[in-house]
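Add 1 to a position in the sequence shown, counting from 1, and you land on the number used in our numbering.
I have placed the structure first, in the form of C-alpha cells, so that the comments after it can refer back to it.
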Amino acid sequence: MTTFALAIGVGTHNSKGEWLEVYYQKPLLNPADGIVEAARTALGYTGGNEAISVTADQLTAFASAVESADSEQAKLARACTESKRPVVVTILESDDQASSTPEVYLKLHLLSHRLVKPHGVNLAGIFGLLPNVAWTNQGAIDLNELADAQLQARLNGELLSVNSVDKFPRMTDYIVPAGVRIAHTARVRLGAYIGEGTTIMHEGFVNFNAGTMGVSMVEGRISAGVVVGDGSDLGGGCSTMGTLSGGGNIIISVGEKCLLGANAGIGIPLGDRCTVEAGLYITAGTKIQVLDDQKNIVETVKGRDLAGKSDLLFRRDSISGAVQCVTNKSAIALNEELHANN
Numbered sequence: 002m003t004t005f006a007l008a009i010g011v012g013t014h015n016s017k018g019e020w021l022e023v024y025y026q027k028p029l030l031n032p033a034d035g036i037v038e039a040a041r042t043a044l045g046y047t048g049g050n051e052a053i054s055v056t057a058d059q060l061t062a063f064a065s066a067v068e069s070a071d072s073e074q075a076k077l078a079r080a081c082t083e084s085k086r087p088v089v090v091t092i093l094e095s096d097d098q099a100s101s102t103p104e105v106y107l108k109l110h111l112l113s114h115r116l117v118k119p120h121g122v123n124l125a126g127i128f129g130l131l132p133n134v135a136w137t138n139q140g141a142i143d144l145n146e147l148a149d150a151q152l153q154a155r156l157n158g159e160l161l162s163v164n165s166v167d168k169f170p171r172m173t174d175y176i177v178p179a180g181v182r183i184a185h186t187a188r189v190r191l192g193a194y195i196g197e198g199t200t201i202m203h204e205g206f207v208n209f210n211a212g213t214m215g216v217s218m219v220e221g222r223i224s225a226g227v228v229v230g231d232g233s234d235l236g237g238g239c240s241t242m243g244t245l246s247g248g249g250n251i252i253i254s255v256g257e258k259c260l261l262g263a264n265a266g267i268g269i270p271l272g273d274r275c276t277v278e279a280g281l282y283i284t285a286g287t288k289i290q291v292l293d294d295q296k297n298i299v300e301t302v303k304g305r306d307l308a309g310k311s312d313l314l315f316r317r318d319s320i321s322g323a324v325q326c327v328t329n330k331s332a333i334a335l336n337e338e339l340h341a342n343n
C-alpha cells in the first residue's frame with residue numbers, strides 16, 4: 002500500500018503543550034517505502050495516520066535510517082536536531098479525515114507546495130482541529146496567552162505586533178511557490194494553490210483549497226474551493242461564490258481564458274473563454290435571456306442552466322436592465338444544447 006504523505010515539521014506549542022501550527026519545509030507526497038520503513042525503525046511508527054513528536058536523538062536515528070532512501074530528508078532531520086521548538090514527524094498512511102493539528106497543516110502544505118490540487122485532498126473536519134490563534138511578528142500565540150506575551154514584550158522594550166487573529170496563517174510564512182507575484186501576502190491563506198505565472202494584486206484574495214492553475218491576474222476574490230483555469234483574469238473587486246458562503250454543494254470554477262470584469266461575480270461554474278461584464282453578478286437562480294449569434298433572444302433560462310458552458314458573454318442590457326447571455330451559436334444549435342439534458 003502506498004503511503005499518502007510524510008513530512009518533518011517544526012511547530013509551536015502553547016503552555017499546555019497543544020499544537021498551534023506546524024511548518025513543513027519539504028513535505029512528501031507518496032514517499033518511498035524506504036522512508037516509511039526508516040520511520041518504523043527509528044521512530045516506532047506502526048502504521049496509520051500519526052503525528053509523532055520526536056526528540057533530537059530520534060531525529061538523528063531517523064536521519065541515519067533514511068539516508069539511503071532520501072538524502073534531503075536526512076539532511077532536514079539533522080538540521081531539526083538543533084531546533085528550539087517542538088519537532089514532529091507526521092505520516093499519513095491514507096487521506097482519511099485528519100485527527101490532529103499537525104495532520105491538517107501537512108494537508109494544507111501539500112496544496113500550497115502544488116503537490117495536490119484543490120479538491121485533491123480530504124479536508125473534512127479541519128476547522129475543529131485548527132486553533133484560532135494570534136499571528137504575530139514573533140509567531141503564533143495562544144489567544145489566552147496573548148496578554149501576558151504583550152506585557153512581556155513591553156517589559157523587554159519590544160513591540161508585539163498582532164497581524165491577524167485567525168485559524169489560517171498567510172501562505173508566504175510557510176511557502177512561496179516559484180514564479181508568482183503576491184502584492185499583499187496577508188490576503189493569501191495557507192492551503193491556497195497558486196499556479197506558476199500568477200500575479201495577485203493588492204485587493205486579490207485566495208482562500209484555502211482554492212487557487213489558480215496557471216498564468217492568471219487576480220484582482221478579485223477566489224473563495225474556498227474555487228479553481229481558476231490557466232489564462233483567466235479576475236478584475237478588481239470581483240467575487241466567486243465559495244461552498245462555505247452560500248454555494249451549497251455546487252463547486253464554483255472558472256475555466257481557461259475567462260474574464261470576470263471589475264466588481265462582477267459568479268455563483269455558477271464557467272466553462273472556457275467566458276466573460277462576465279463589469280458589475281454583473283450571476284447566480285444559479287438569475288433569469289438570463291439567451292441570445293444567438295444574430296443577437297436574437299432564443300429563450301430565458303436560469304443561471305444554473307448555463308453552468309460550465311464555454312464561449313459565453315454575460316452582460317446586462319443597458320436599456321431594459323435584463324441579464325443576457327450572448328453566444329456564438331445559431332438559434333437551432335443553441336436550442337438543441339439548452340434542451341439536451343431535459
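Each residue gets a CB set at the ideal place from its N, CA and C atoms; glycine is no exception.
Inset, instruction - Tell me Asn50's beta-bridge partners as DSSP assigns them. - result: Leu93
Legend entry - Per-residue burial, Gln153 [other beta carbons within 10 Å of its own, 16 or more giving buried]: exposed
Inset, instruction - Rank Gly205, Phe315, Val67 by C-alpha distance to the C-alpha of Val291 and give the top, closest one. - result: Phe315
Legend entry - Contained alpha helix (DSSP H) runs [length at least 4] in the stretch 10-51, N- to C-terminal order: 34-44
Inset, instruction - Can you grab the Cα-Cα spacing for the pair Thr284 / Ala66, in whole Å? - result: 55 Å
Legend entry - Ala66 (DSSP reduced to helix, strand or coil): helix
Legend entry - Nonlocal neighbours in the same chain, by C-beta distance under 8 Å from Gly247, ignoring five residues either side: Unreliable positioning characterises Gly247 in this predicted model, as indicated by a pLDDT of 46, which lies under 50. The coordinate reading is nonetheless provided below. Around Gly247: Gly268.
Legend entry - Nonlocal neighbours in the same chain, by C-beta distance under 7 Å from Ser331, ignoring five residues either side: Asp293, Asp294
Inset, instruction - Report the option in Tyr282, His110, Leu156, Pro32 whose CA atom is closest to the CA atom of Val177. - result: His110
Legend entry - Nearest residue (CA-CA) to His185, options Phe169, Glu204, Ala225, Ala179: Glu204
Legend entry - Nearest residue (CA-CA) to Ser233, options Phe209, Asn210, Ile195: Ile195
Legend entry - Three-state secondary structure (DSSP) of Gln290: strand
Legend entry - Beta-carbon proximity check, Leu21 vs Val134, cutoff 7 Å: yes
Legend entry - Through-space distance from Leu44 to Ile225, alpha-carbon basis: Reading off the sequence, residue 225 comes out as Ala, not Ile. Roughly 36 Å separates the two Cα atoms.
Legend entry - Unbroken beta strand (DSSP E) run spanning Ser165, endpoints: 163-167
Legend entry - Cβ-based neighbour list, Thr13, same chain, cut-off 7 Å, excluding 5 preceding and 5 following: Leu21, Glu22, Arg86, Gly140, Ala141
Inset, instruction - Within the same chain, show all residues whose beta-carbon is closer than 7 Å to that of Leu199, passing over the 5 residues directly before and after it, in chain order. - result: The question names Leu, yet the displayed sequence has Thr at residue 199. Cβ within range, chain order: Val181, Thr213, Val216, Ser217, Val219.
Legend entry - Sub-7 Å separation of Leu144 and Gln151 beta-carbons: no
Legend entry - Helix, strand or coil at Met218 according to DSSP, with G and I counted as helix: strand
Inset, instruction - Can you give me the start and stop residues for the beta strand (DSSP E) that Lys303 sits inside? - result: 298-303
Legend entry - Within 7 Å, strictly: CB atoms of Pro170 and Trp136: yes
Legend entry - Rounded Cβ spacing between Ala265 and Val277 (contact assumed at less than 8 Å): 4 Å
Inset, instruction - Report all residues from its chain with a CB closer than 6 Å to the CB of Glu338; omit the five preceding and five following residues, and keep chain order. - result: none
Inset, instruction - If I'm right that Ala211 touches Ala193 with Cβ under 8 Å, what's the distance once you round it to whole angstroms? - result: 6 Å
Inset, instruction - With Val134 as the anchor, note down where its beta strand (DSSP E) starts and where it stops. - result: 134-137
Inset, instruction - Pull up the distance between the alpha-carbon of Gly129 and that of Glu19, whole angstroms please. - result: 14 Å
Legend entry - Assigned secondary structure, Asp318 (DSSP; H/G/I helix, E/B strand, else coil): coil
Inset, instruction - Just the C-alpha distance for Gly280 and Ile251, rounded to the nearest angstrom, thanks. - result: 22 Å
Inset, instruction - Return the residue from the list His120, Leu112, Asp174 that minimises the CA-CA distance to Asn138. - result: Asp174
Inset, instruction - Note down the Cα distance separating Ser16 from Ala57, rounded to an integer number of angstroms. - result: 21 Å
Legend entry - Separation of Val324 from Leu307, as counted between CA atoms: 13 Å
Inset, instruction - Let me know if Ile320 comes out buried or exposed under the rule of 16 or more other beta-carbons within 10 Å of its beta-carbon. - result: exposed
Legend entry - Chain-order list of residues whose beta-carbon lies under 7 Å from that of Asn208 (same chain, five-residue window excluded): Arg190, Ala193, Ile223, Ser224, Ala225, Gly243
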